[in-house]
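To start, the structure itself, in structure tokens.
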Amino acid sequence: SRMISFDEVQPSWFVLLKIFPYSVLSVLFRPFPWEWHGFYLIPVNFENLFLLLLFFTAIFLIIINRFQTKSKSISFNPAIENIQNSRTLCFLLFVFSFSLFSSGILGICNPIFGSLVRYRILFTPFLYIALGLVINKNK
């Protein structure tokens, strides 16, 4: 389909929290390649696949770095434990929380893929920069 479809939407906090993760994933990575309805979605799918590749690369490097250091200290977030600069840490926390919150609300309020692709420009450049920083710090 050409839009995000939710099973049941009711005006309650429980339903909002229940559909929020699906909304985030749909805004960031959909439409999937098997959901193509025309050739105009080819560039969108390459962008989605690139973003997905960056996410998996960042997670893989974080896990590898975590096992290599074998640090037994408890930290706030092991993914960004090696980043020494507090400004960079604050920037990463802001960008990831802003991107997740914006994409979740955007997917709930506007489930049409054509407009979601356009509205993603609000947070996508910041997300690319943040993922690049995480990948660069965990190499």
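Numbering (this note's numbering), first residue to last: 942 to 1080. Just so it is clear, CB atoms sit at the ideal spot from N, CA and C, and this is done for glycine as well. Bear in mind that the values here come from a model prediction, so they are computed numbers and not experimental data.
Item	Value
Extent of the continuous alpha helix (DSSP H) run through L1033	S1027 to C1050
Pair within 8 Å by beta-carbon distance, I960 and V968	no
P984 versus F1032 - alpha carbon distance	29 Å
Alpha-carbon spacing of L982 relative to S1044, whole angstroms	19 Å
Under 8 Å between C-beta atoms of V965 and L1041	yes
Cβ-based neighbour list, I1076, same chain, cut-off 8 Å, excluding 5 preceding and 5 following	L995, T998, A999 and L1002
Per-residue DSSP class, three states only, for F955	helix
Cβ distance (whole Å) where T1029 is taken to contact L958 below 8 Å	Their Cβ separation, rounded to whole angstroms, is 30 Å, which puts T1029 and L958 out of contact at 8 Å.
Close-in-space but distant-in-sequence residues of the same chain around L1068 (CB under 7 Å, 5 per side omitted)	V1036 and S1040
Secondary structure of P1066, DSSP reduced to three states	helix
Backbone secondary structure at I1015 - three-state DSSP	Its pLDDT being 47, under 50, I1015 is placed unreliably in this model, and the coordinates cannot settle the point.
Reduced DSSP category for P941 - H, G, I as helix; E, B as strand; rest coil	Nothing about residue 941 can be read from this structure; the chain reaches only from 942 to 1080.
Cutoff 8 Å; reference G1055; Cβ partners in own chain excluding five residues on either side	R943
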